[in-house]
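The block underneath contains the structure these notes are about, expressed in structure tokens.
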Amino acid sequence: MNRAVLDVSELPDFAFHHRNIVWWGTMGMIVIEGTMFAMLIVAYLYLKGRSPHWPPGHFPPMLLWGTVNTLILLASTVPNHLTKRAAEHLDLRKVRLWMTIALGFGVAFNIVRIFEFKSLNVWFDENAYGSVVWTLLGFHTAHIITDFVDSCVLLALLFIGPIEESHFVDVAENSMYWYFVVLSWIPIYAVIYIAPRVS
Amino acid sequence: MSRDAGLDRPREVDPASPREPDPRLDPLILERESRLLATTWADPKGFFGWFSHVDHKSIGRRFIATAFVYFTFGGILAAIMRLQLSRPENHIVTADLYNQIFTMHGTTMMFLFAVPVMLALGVYFVPLMIGARAIAFPRLVAFGYWMFLFAGIFLYAFFLLNVGPDNGWFSYPPLAGPEYGAGKRADIWAQLITFTETSGLVVAVALITTVFKLRAPGMALNRIPIFVWAMLVVSFMTVFSMPAVVIASTGLILDRLVGTHFYNYAEGGDSLLFQHMFWFFGHPEVYIIFLPAQGMMSTMLATFSRRPVFGYLAIVLSIVSTAFIGFGVWVHHMFATGLPQLGQSFFTASSIMIVVPTGVQFFCWIATLWTGRLRFPVPMLYALSFFVVFLVGGLTGVMLAAVPLDLQVHDTFFVVAHFHYVLIGGSVFPLLGAIHYWFPKLTGRMLSERIGVAALALFFVGFNLTFFPQHILGLMGMPRRIYTYQPETGWGGLNLLVSIGAGVMTIGLLIYLYNIIVSLRRGAAAADNPWDASTLEWATSSPPPAYNFLPALTVSGRDPLWEHPESQPVVVGLHAEQRDVLVTHVMDAEPDHRKVFPEPSIWPFITAVTVSVMYIATLFTPWGLIWGSIPITIALIGWAWPRGRGKKPSELDADIRAGRVRPLEQVQ
Amino acid sequence: MPSSTSHHASRDAHDRTRELALWTGVLAGPAVWLTLLEVNYALSYVACETRHTWFLHVATLVSVALVAAAGLWGWSAGRGPRDLPEPLTPPVSYDTSDTRARWMGHASIASSVWFIIVILSMEIPVIVLRTCQ
Amino acid sequence: MPSRIQSALDSAGVQASRIEWLWWLMFWVCTAVFVAVVVALGMAVWRGRSADPERPSEATLMRGVAMATAATIVILIGLLVASVATGRAIGSPPQADPLTVQITGYQWWWSVEYVYPQPNLRFTTANELHLPVGRPILFKLRGADVIHSFWVPNLHGKTDLIPGRENTTWLQIDKPGIYRGQCAEFCGAQHAHMALVVVAESSDDFERWVVAQREPAPAPTTPAQSRGLNVIERGPCALCHTIRGTTAGARTAPDLTHFASRSTIAAGTLPNTPGYLAGWISDPQHVKPGSRMPPTGLSGEDLQAVLAYMETLK
């Protein structure tokens, strides 16, 4: 049969960013969880709007630990960025290095997070305010831990193998997800720590 | 419009590609390649193999079949309700059982049938209609199927233990809250939501990625089949609406399990918060069910009018704007809750305006018929009956958008009639038609036309007998969700008529089922393209091979099979010995790179099991979340652990430094 | 192959703003309307307290302006073919991206006009109803 | 015809009749649209059956679709205006001195309090309202446990009774008569048996009724009646019910002070006759499974005595 052909045999077999379908999968997760965060924040503001005084019968959360954690998160974007770039250049050694450092930030963050819960000045079953701030903070912590475990497994793979080229894409996507965790924290921080101070 | 009706012919073929036959298209070569592909893409056999399938067609078939099983359950429950209501003060079921039954009916139909069956058809047909070799994230889709299967088993297991949810499919607190929702019933409802959302969300993400990245070369955005457009839009709606109900039901579980106060007014919570979040999901869900059906309508009408559907742009825009407006009408479920009238009326406006996009599609379809050369096989008859029944539901929808009128008929049988006209008329009619239409592709056999007509006739008559009188019952003051009524209300006569209608409708569906069973065994063998349709799923054998297409196709129009497909270039160069899939660009589907897709794996099944265990454990103790997540983590690691093609890090590093491995950005 | 990918990069660069315009044109209408709906719903409480509705009208006007602008931007981006080197990997993507862009240009206009109507329909309650009921 | 006492299409009040008007407007408009579309569909199908109909150009079709769409938008805008205008009309607050009635929804009955400025004029009854014709009535609606919905179709649309919120609605009755209402928001096991009776009567009759309702329960006159009261006060009844003028003063169940003046038992479940009442008192769970009223287990004599006493609660 005399038919024109489109020869794709020379095309490469992996790519980064939005050209790789893994990016779309990660984006899907990010959008879904971002929407959940948004819903929780809406719920918080809704309850705040219905309550005569806010926080009801409590001091607002202590600023110290939350702010410390915000700084840790923001700082963690540097090794995170370097990890991503190293991955895109298929530089295995640098990926290992920066990813380990980024994980260090993760550890620090999770430890401080414990103090954060303590400094909320309210217990989750005291009233609706306590319920919503605990849920917000807990939900975000769940994301941190998930990404943390994910990164650990990935890093272990990078050291002991077996790995293939596409793992560099996974590393890049993992970094992108970390960016999401950091960015989503900023509005949550505003809601948990600033909103109770502005009436 | 007509200018870019998608009929632009190929330009002069690239000089680079040879004019003499390409050796790779030699029939013998193709023959060998097809055998190789068949083994490469085959799902494993045997008992354990059965749990490891990742072929979107296999998963899709299971998905569709399972959804219809749950549909049958929901239908049986409906029949029991109609028996109970057939006369005043009937005692076929107790109040308690009736409340479980109507809750189970609604929950089943919405969460275990309507939404999943649409996603299921997407899983099976979207990759075929866009000429892809597989669905994106096949393992994730398999996982989604298992979660869906377990969701139903979970719900019905507890129902049979007489602890089925009994607060309605909307499960409002405080009735479903810790104080008044005794036992585990409300928790089971809330956890079922978590099950089905998990399933729906992963499938939606897979479908979005598939449509954006795996289209056949040349299938630019303006050439995507309308059904695929609908599935794409619906997947986006799923992604943005389901989180709302996840949060709502999570709040409910927390209130019940660990004593939070989201919905407890005594502690600063608010039960209307639940209603807002539930309906922010609940109304878009109606369109998640409805839009794919509209896509099926466009598909079938085009085929049986022997012309491209009229107004492609208008229809696509209608689908998209319906999706958006669908997110702005939820308050019309809450008109009776005493919200400020001005605020409510904004939602009246949107609820009324959302009619327009559907109207536009009606007009486009009528224009298509007007200028078509029609054929009337059973799918077309379903499509035509859709017009009549859905129109009724659409028009009563306008009435319900009016706050004053809604205050009268809200939560009455008028509303029951309305949304059954919308959901059955708007979705199930096209769906049953589409099953007729796609059955040859799904099974390689044709459904019997004769039996099909009989089934449709009974279904149509029974449906209208069942639901039309309910409008009147509602106006006569009969509320929903009552397990019985007194004779002096004067509702007995119409209710008897309704119940008779339900019987007729059931017979129709049974005949439909009989048709499927018989045709599976003795149906006439189906050709590749029995309806002479225009979309790509008909360009391969019926049923399609595991690898969908050989050779892989390119398109240069909206109706490839009506536009000299033989002169279309074909894709060569995908390796047959590994699961090569061509990834293309979002906008114009230009080839970008080849991706090796994952092998079959049992880990999605194992993961689904561990996740289900965790969900069920959290019904009883919050610690289920902690302990349950450990096996899940293990399962996920097993899932992600690379097999076969992996190398030692040192080797890979060496390859990279030697330049043997280069991502696209570095190819220069 | 190598040549065509480098040229691919250039294509991407060249397209970016155009695609942005097209997507904005198509999606601005619904997005702005949805935002306006939420805003109006929130403001309806304010309207009840203050017995004023002027800010609702202002919100409507702003939204209409935004949607109209976006629609026109998208439409203009959809017009006329581009002078570009031969696309990647013939013979598939003939003038695909031009017909597609024109198509999205039409979509921008249609979408914007339609959603301006929807936005205006939300003025009716504001005009007819009292602020608190 | 019995159905007429609970029908949205037999309006007996200002609000209901406005809504009914809107209903008929929408009904006829929608019917017209339905006919138009089905006719167009029929013609299209009819043409399409012929082998090769002469085809209008795509442009002509586009014009047709555009015009149909424009027509749709115009019609819908019209309906939107009608709807909002009706909403404004029924939502306007009462002008003249309204009668204020506080309704509280319980699982599964209605507590009705007639609210007067002077506390001593207030009184409480249950499941049966008497309302004056031609006078605006303001309802204050509360949910005691779960969400219920107050709905008397002949008079007005429904409004929810939500715990922790107070909703208000108001209506005005034109036609005297007896109307039936029913809880319209699913509220649990006995949602089906949560009806209320509305007796709409002239202001004079109404005022007479009010005066009677304000009275405490009459003292028992016969030995049987006294025994009945005794059983009620010492027995389980007094744990939940109130009978003004006796020591029974609990508020978790319907006020029985003028029980005999009502037409139904258990929120419209049974007609109020001695026979049904006996059945209800001895085993409520049989009549209304899940009801909050437990079986009283009264002896035959006690039961007869209670019935004898309760007949006096006019």
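Chains as they are written, first to last, in the numbering used here: chain A, 1 to 199; chain B, 1001 to 1668; chain C, 2001 to 2133; chain D, 3001 to 3314.
Beta carbons: idealized from backbone N, C-alpha and C, even for Gly.
If I measure Cβ to Cβ from residue i and keep anything under 7 angstroms in the same chain, skipping five residues before and after, which residues do I get?
i: Tyr2094/C; result: Because Tyr2094/C sits at a pLDDT of 49, beneath the cut-off of 50, its placement in the model cannot be relied upon, and the point is left open.
i: Ile2116/C; result: Val2064, Val2067 and Ala2068
i: Ala1608/B; result: Phe1143, Trp1146, Met1147 and Phe1150
i: Phe2055/C; result: Leu2043
i: Ala3184/D; result: Ser3149, Trp3151 and Lys3158
i: Leu1520/B; result: Thr1443 and Arg1445
i: Leu3238/D; result: A small fix is needed here, since residue 3238/D is Ala in this sequence, not Leu. So the qualifying residues of the chain are Ile3232, Thr3247, Ala3248 and Ala3250.
Using the beta-carbon count (16 or more within 10 Å), is residue i buried or exposed?
i: Pro3271/D; result: exposed
i: His2052/C; result: exposed
i: Met2122/C; result: buried
i: Gly3249/D; result: exposed
i: Gly57/A; result: exposed
i: Gln1408/B; result: buried
i: Val2113/C; result: exposed
i: Pro2090/C; result: The pLDDT assigned to Pro2090/C is 41, lower than 50, so where the model puts this residue is not dependable; a value taken from the coordinates is nonetheless given after this. So Pro2090/C ends up on the buried side.
i: Ser1650/B; result: exposed
i: Met1380/B; result: buried
i: Arg1450/B; result: exposed
i: Asp1187/B; result: buried
i: Asn1548/B; result: buried
i: Lys118/A; result: exposed
If I'm right that residue i touches residue j with Cβ under 8 angstroms, what's the distance once you round it to whole angstroms?
i: Val1211/B; j: Val1115/B; result: Incorrect: roughly 18 angstroms between the Cβ atoms, too far for contact.
i: Lys1213/B; j: Thr1584/B; result: 7 angstroms
i: Gly1646/B; j: Pro162/A; result: 3 angstroms
i: Met1300/B; j: Ala1367/B; result: The pair is not a contact, with the Cβ atoms about 16 angstroms apart (cut-off 8 angstroms).
i: Leu2020/C; j: Ser2108/C; result: Wrong, their Cβ atoms sit about 12 angstroms apart, outside the cutoff.
i: Pro1430/B; j: Phe1386/B; result: 5 angstroms
Near residue i, which residues of its chain fall below 8 angstroms by C-beta distance, leaving aside the five closest residues on each side in sequence?
i: Phe1063/B; result: Pro1116, Val1117, Leu1119, Ala1120, Val1123, Tyr1124, Tyr1145 and Phe1148
i: Ile1092/B; result: Ile1080, Leu1083 and Gln1084
In terms of residue numbering, what span does the beta strand (DSSP E) encompassing residue i cover?
i: Lys1595/B; result: Pro1591 to Val1596
i: His3148/D; result: His3148 to Phe3150
i: Thr3124/D; result: Phe3123 to Ala3126
i: Ala2077/C; result: No beta strand (DSSP E) contains Ala2077/C, which is instead part of the alpha helix (DSSP H) from Trp2054 to Gly2078.
i: Glu3201/D; result: Ala3195 to Glu3201
i: Asn3167/D; result: Asn3167 to Leu3171
i: Tyr3179/D; result: Gly3177 to Gln3182
For residue i versus residue j, is the C-beta distance shorter than 7 angstroms?
i: Ala3278/D; j: Lys3314/D; result: no
i: Arg3208/D; j: Phe3123/D; result: no
i: Phe1714/B; j: Phe1071/B; result: Nothing in the structure corresponds to residue 1714/B, since chain B is present only between 1001 and 1668.
i: Lys3158/D; j: Ala1336/B; result: yes
i: Val1355/B; j: Ser1318/B; result: no
i: Leu1391/B; j: Phe3027/D; result: no
i: Met36/A; j: Pro1243/B; result: yes
i: Ala1157/B; j: Val1233/B; result: no
i: Ala3253/D; j: Trp3108/D; result: no
Only counting the same chain, and skipping five residues up and downstream in sequence, which positions put a Cβ closer than 6 angstroms to that of residue i?
i: Gln1100/B; result: Gly1164 and Asp1166
i: Ser1058/B; result: Asp1043
i: Lys84/A; result: Ala172 and Ser175
For residue i, report the span of its alpha helix (DSSP H) as first-last.
i: Ile111/A; result: Leu92 to Lys118
i: Arg3088/D; result: Glu3058 to Gly3091
Measuring from the CB of residue i, is there a heavy atom of the ligand COA at a distance below 6 angstroms?
i: Ser119/A; result: Annotation note on the ligand COA: not contained in the displayed structure, which lists no ligands.
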